[in-house]
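Below is one structure; the comments refer to it alone.
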Amino acid sequence: MSGRTSSRRARPSFDDVPDARRRNMAAISGRDTKPERTLRRILHSLGYRFRLHRRDLPGRPDIVLPGRRKVIFINGCFWHRHGCRNSVLPRARREWWEAKLSRNVERDIANVAALKAQDWSVLTVWECEMDNAARLSKIIQSFLGPPGSLAAQAVLSRKAKSRRVANRGNRQ
Ligand SMILES: [Zn+2]
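Take 11 as the starting number for the sequence shown in the numbering used here and just add one per residue.
Dropping the structure here:
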């Protein structure tokens, strides 16, 4: 296993990182993470329908609402450099981490720009925001608009319009 040892020396591994953060990082770097499940639960409870991980979209957004042309990314604070207390860099090999993680951030910026160029609206939700479900629900609702199917909303707005027309008719 000498190869492994030398590659460890060349690139920092999770061994350089304190235990708590290491667990956190391992969880966040995978798919179907706890923050993701939390967000999906909130979306379901609010009545939104969505798809997951559309591979054909830049950055493979975690949540996709094709009818609304909106996507949501759930970012791990450490990996995407949120700037909150969860994103403090390890003391060891700080420069290596800085270089590695700033590439992630550059990629995020490029993905968001590519999505916007294709007329998608993008919301980024941070791992640390998952603790406050009430606040997160508000953020999501103001980004997505009212829940329920768009077809049902179209019917409702047609009805409202015809009511308005009828009211105008009464006044004349
Ligand atoms: Zn954060």
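Using N, Cα and C, we set each Cβ at its ideal position, and we do this for glycine too.
Is it true that the CB of residue j sits closer than 9 angstroms to the CB of residue i?
{"i": "Val135", "j": "Val122", "result": "no"}
{"i": "Lys44", "j": "Leu154", "result": "no"}
{"i": "His90", "j": "Leu62", "result": "no"}
{"i": "Arg53", "j": "Ile150", "result": "Rather than Arg, the amino acid found at residue 53 in this sequence is Leu. For Leu53 and Ile150, yes; Cβs fall inside 9 angstroms."}
{"i": "Glu49", "j": "Leu146", "result": "One detail in the question is off: residue 49 reads as Leu in this sequence, not Glu. Yes; because the gap between Cβ atoms is below 9 angstroms, this pair is in contact."}
{"i": "Gly57", "j": "Arg117", "result": "no"}
{"i": "Ile82", "j": "Pro100", "result": "no"}
Looking only at DSSP bridge pairs, what is residue i linked to?
{"i": "Arg61", "result": "Val74"}
{"i": "Trp136", "result": "Asn85"}
{"i": "Ser131", "result": "Lys80"}
Assuming residue i contacts residue j (C-beta within less than 8 angstroms), just tell me the rounded distance between them.
{"i": "Leu74", "j": "Arg64", "result": "Before going further, note that residue 74 is Val rather than Leu in the sequence given. Val74 to Arg64, Cβ: 5 angstroms. Contact."}
For residue i, count the other beta carbons within 10 Å of its own beta carbon; 16 or more makes it buried, fewer makes it exposed. Which is it?
{"i": "Asp141", "result": "exposed"}
{"i": "Ala36", "result": "Reliability fails at Ala36, whose pLDDT of 47 lies under 50, so the model's placement of it is uncertain and no value is given."}
{"i": "Cys87", "result": "buried"}
{"i": "Ile84", "result": "buried"}
{"i": "Glu105", "result": "exposed"}
{"i": "Glu46", "result": "buried"}
Determine the closest residue to residue i out of the options, with distance taken between C-alpha atoms.
{"i": "Leu67", "options": "Arg101, Asp129, Ala109 and Pro156", "result": "Asp129"}
{"i": "Ser97", "options": "Ala127, Arg145, Ser55 and Glu137", "result": "Glu137"}
{"i": "Pro157", "options": "Ser55, Glu108 and Glu105", "result": "Ser55"}
{"i": "Gly93", "options": "Ala144, Arg78 and Glu139", "result": "Glu139"}
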